[in-house]
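Keeping their order, the protein sequence lines are chains U and W. Position 251 of the first sequence, counted from 1, bears residue number 520 in this note's numbering, the numbering being contiguous throughout. Position 235 of the second sequence, counted from 1, bears residue number 512 in this note's numbering, the numbering being contiguous throughout. Positions of the beta carbon are idealized from the N, C-alpha and C atoms, including for glycine. Quantities reported herein were computed from a predicted structural model and do not represent experimental measurements. Here is the structure we will look at, set down as C-alpha cells.
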Amino acid sequence: MRTLKRITRGIPGLYLLLILLLMYLPIVVVVAYSFNAQPKGLMWTGFTTEWYPALFQNRQIMASFKNSLIVAGWSCLIAGVIGTLGAVALSRTKIRSAAALETVAMLPIMTPEIALAMAFLVTFSLVGLPSGMLALVLSHATFCIPYILIIVRTRLTGLNPSYEEAARDLGAGPVRAFITVIVPLIAPAILSGVLLAFAMSMDDVIISFFMAGPTSTTFPVYVFGKLKTDVPPTINAMCTVTLGVTFIAVAASQLLRSKGSNT
Amino acid sequence: MNEAPLLSLEHLTKSFDGNEVIRDISLDVHRGEFITLLGPSGCGKTTTLRIIAGLTAPDSGRVLLSGRDVTDLVPNKRNVNTVFQNYALFPHMNVERNIGYGLRVRGENRSEIQKKVNHMLELVQLSGYGQRMPSQLSGGQRQRVAIARAVVVEPDVLLLDEPLGALDLQLRQQMQLELKHLQQQLGITFIYITHDQEEALNMSDRIAIMYEGQFEQIGTPAEIYEYPRTRFAAQFIGQGSLFEGEIQSIQGDTCQVKLPSGTIQATCPPMGATIGERVAASIHSERIRYDIAPQQGFNLPAKVLSHRFSGSMLRTELQLNAGETITALGMEAVSELPPVGSDVYIHWLPRHCTLIKDS
C-alpha cells in the first residue's frame, strides 16, 4: 500500500516533468547544436563556438538584426505611449463601457496574424504607404499596444486612488499629478509591458513578412527566407541568439511586474 | 465667534447610485476651531470631508470658504488640505520630497522649500528622517509625515480622515495630545473625522454627531455629553441607559417621568415639556447610584444581577421591575456594595438625567 501511495504521489511531478520536457527539449537541442562542429545534420562531431563569430561577421544577418531592433524599438516606444494612455483612459471610464472597450483593444492579439497582416497590407496600400521600415513600425506598434495596455491597466486597477487625490489635494493639476505621481508608480508596469511587446516584435514573422521592403528585412524574416533556399551553418547559433534576446526581455518583464505590484 | 465663518456647508446632499449618503447638512466652522465629525462607519462623514476637499461633488448645496463659493472648484484650487485615512504618502518619494511636494507644485524656490521642510520635520519630531522612504517608517511616523505634508502648504482648513485609526491604543492616545497641541500651535482649523467618541470628546472644540447622512447634534464636548438632543446622540456618547416614559408632573426645572418600572426625576428639556408627553430619559452609567435603603427624591426598585470589573471601574448590572437591565459604573470596592441578589433602590441627581423629546 505504502509503495503504491509513494508511486501515485510521484505522478503529478512526473507529468509536469514530461510536459516541460516536450516544451523545452527542441529548444535545448537547438542551443546544443549551435555548438556542434558539423554544420548540418544531426551528427555530433565536436564542440565549437565558431558559428557565433561567423554570425556576427555576416553582413546580411547583422543588417536584418539591426532592422529588427529598430522596428522593435520604435514600435514599442509608440505602443508604450498609446497603450499607457489607453490604460489610463480605460481606468477612468464607467465600468461597463470599459469592459467593452478593453475587449476591442485586445482584438489585435486575438485576430489570426495572417488576417491582421492582410489588413495592414490593404490599408497601407490604400493610403499609399509602401512596404518598408515605416510600415513595419506602424504595424508592429499596432499589435504591441494590447500587451502594454493590459499590463498597465492591471497595475492601475490595483493602485490606490488616494495617491492621485493626495497630489491634487496638495495643489497639483491633473497633468502634473499624472506625471509626478501616477507615472512613477506605474513605471514598472509600463516597462514590463514594453519589454513583452519588444519580445513579440522581435520574433514576429508573418506580419513582418508582408510589411518588409527589399532593404528592411527583419531578422526572423531573413531566417525564414534562408531556410527555404540553403540552410546556413549558422542557423542554430542564430536561433540561440534570438532566443536569448527574447528570453531576457520576457524575464525582465516578469521581474518588473512582480516588483511593481508591491506598492 | 462673531466673525464670519471660515467654512460654511449649506444644505449639502449627495447620493451614490440612488443611495442617499448625505441628507441636507449645514455647518459653520470658525477660524482656528477643532471640529470633529463623529459617527459610526457609513454615516457619511468621509463623503462630507471629500466634498469639502473637492474630491467629490455634492448633488446640491454649497461649500463656502471665507465667504467664497468653492462648490465647483477643483481640489488643487482650494486652500484646503487632507490627511488621508491611509496617509497616501507617495511611495516613490522620500520623506523630504513627500513633505515638499505641495511647495514644489506651487513653484517655490529650492532653498525656501528646504527651509520649510526642515521646519516641518522639526515640528513633527522627525528631524533626521528626511531621507527615509515611507516604507521604512512606522505607522506613527507615516502619520506625522502625512500631517507635515498637508500642513506645510499652510491651508485654511486641514481635513483629517480617521488619522489615528491604524495606530494601536497607546500610540493613539499619545498622538491625540500631539495633534491637539500642533493644532493650537499652528492655529489651523481642523476638521477631524472619527468613530471613536473618546477621541472626539478629548480633542474637539465642537463635535458634530453624524448618523445616516445627517447631523444629529452639534455642540461642545460638554454639551454633547451632558445634554444629548437625540436618541442616537444619547446612545452613541458615553455609556448609559435610555428609558422610554411619559411626563407625569413638572416642578420648576425638574420633570417627574413615569417608566414601566417606576417613576424617576430628570431635567426638563430646554424647549419645555407638557404633562403626558412621551419622552426618552438618558442617564450615564457612572451617575447611577443604588442603595439598600431608599433615598430622598425618587427611588426605582431593582435587583443586583452582577458585579464585574471593567477597566478601572466596577460595572454592576441591575434589573428593574419590568425586566429591563441597566448598568451602573462605580469606583467602590465590591465589599462596600450590596451583594448580588439583593434588592436595591436606584437613584440619581435629577440634573444628571436628560429628557429627549420625540421629534
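Cutoff 6 Å; reference residue i; Cβ partners in own chain excluding five residues on either side
i: V347/W; result: V340 and R355
i: K457/W; result: M480
i: L326/W; result: L436, D438 and I470
i: V372/W; result: Y406, G407, R409 and V422
i: T593/W; result: H584 and A605
i: G482/U; result: S400 and G401
i: L626/W; result: none
i: N531/U; result: Summary for N531/U: the model assigns pLDDT 49, below 50, so the residue's position carries little reliability; its value from the coordinates is reported in the next sentence. Contacts found: none.
i: V360/W; result: A423, I424, A427, L437 and P440
i: I351/U; result: I414
Contacting residues, own chain, Cβ-Cβ under 8 Å from residue i (five flanking each side not counted)
i: T509/U; result: V299, V300 and S303
i: P377/U; result: L385, T411, F412, I414 and P415
i: V621/W; result: Y567, D568, I569, P578, A579, K580, V581, L595 and P615
i: M331/U; result: F325
i: L350/W; result: G331
Coil, strand or helix - residue i by DSSP
i: C545/W; result: coil
i: K274/U; result: helix
i: I501/W; result: helix
i: A557/W; result: strand
i: K335/U; result: helix
i: M608/W; result: coil
i: M278/W; result: Since pLDDT at M278/W reaches only 47, below the 50 mark, its modelled position is unreliable, and the value read off the structure follows with that caveat. Correct three-state label for M278/W: coil.
i: T532/U; result: Note on T532/U: pLDDT 47, under 50, position unreliable in the model; no value is reported.
i: N371/W; result: coil
i: S562/W; result: helix
i: T484/U; result: coil
i: R383/W; result: coil
i: V357/U; result: helix
i: Q326/U; result: helix
i: V500/U; result: coil
i: N479/W; result: helix
i: L439/U; result: coil
i: V391/U; result: helix
Distance CB(residue i)-CB(residue j) smaller than 9 Å
i: I501/W; j: F520/W; result: no
i: L405/U; j: S522/U; result: no
i: V611/W; j: L591/W; result: yes
i: S303/W; j: E287/W; result: yes
i: L425/U; j: V357/U; result: yes
i: I376/W; j: V394/W; result: yes
i: S337/W; j: P368/W; result: no
i: I512/U; j: I504/U; result: Looking at the sequence provided, one finds Leu at residue 512/U rather than Ile. For L512/U and I504/U, no; Cβs fall outside 9 Å.
i: F513/W; j: L315/W; result: yes
i: A557/W; j: A511/W; result: yes
i: R555/W; j: G522/W; result: yes
i: T487/U; j: D473/U; result: yes
Endpoints, alpha helix (DSSP H) assigned at residue i
i: K580/W; result: Segment L577 to S587 is the beta strand (DSSP E) holding K580/W; no alpha helix (DSSP H) there.
i: V394/W; result: R387 to L400
i: V463/U; result: V452 to M471
i: H458/W; result: L446 to L463
i: M375/U; result: I364 to M379
i: C532/W; result: Unbroken run through C532/W is the beta strand (DSSP E), T531 to L536; no alpha helix (DSSP H).
i: Q528/W; result: Segment G517 to Q528 is the beta strand (DSSP E) holding Q528/W; no alpha helix (DSSP H) there.
i: Q494/W; result: Run containing Q494/W: none in the alpha helix (DSSP H); it sits in the beta strand (DSSP E), Q491 to G496.
Cβ neighbours of residue i in the same chain (closer than 7 Å, five flanking residues each side left out)
i: G515/W; result: Y502 and H561
i: Q596/W; result: A579, K580, L582 and T602
i: I465/W; result: V428, P432 and L435
i: S485/U; result: N336, G401, M402 and L405
i: R381/W; result: I390
i: M278/W; result: Unreliable placement is indicated for M278/W, whose pLDDT of 47 sits below 50; no coordinate value is reported for it.
i: G295/W; result: none
Start-to-end residues for the beta strand (DSSP E) that takes in residue i
i: Y364/W; result: Neither: Y364/W is in no beta strand (DSSP E) and is coded neither H nor E.
i: Q596/W; result: M590 to L597
i: F311/W; result: F311 to L315
i: H629/W; result: No beta strand (DSSP E) contains H629/W, which DSSP labels as neither H nor E.
i: H288/W; result: L284 to F293
i: G494/U; result: Note, G494/U: premise wrong, no beta strand (DSSP E); alpha helix (DSSP H) at F488 to K497.
i: Y488/W; result: R483 to Y488
i: Y567/W; result: R566 to D568
i: T411/U; result: First-last for T411/U: M402 to G427, but that is the alpha helix (DSSP H), not the beta strand (DSSP E).
i: I302/W; result: N296 to V306
i: T323/W; result: From DSSP, T323/W is part of no beta strand (DSSP E) but of the alpha helix (DSSP H) over K322 to A330.
i: R339/W; result: S337 to L342
Cβ of residue i within 9 Å of any chain B Cβ
i: T314/U; result: The question asks about chain B, but that chain is absent: this structure's protein chains are U and W.
The stretch 373-385 of chain U / the stretch 310-317 of chain U touching (three or more Cβ pairs under 8 Å): By the Cβ test, the stretch 373-385 of chain U is not in contact with the stretch 310-317 of chain U, since fewer than three Cβ pairs between them sit closer than 8 Å.
contact_flag[the stretch 458-475 of chain U, the stretch 440-459 of chain W] where n(CB pairs < 8 Å) is 3 or more: Output reads no: the stretch 440-459 of chain W does not touch the stretch 458-475 of chain U.
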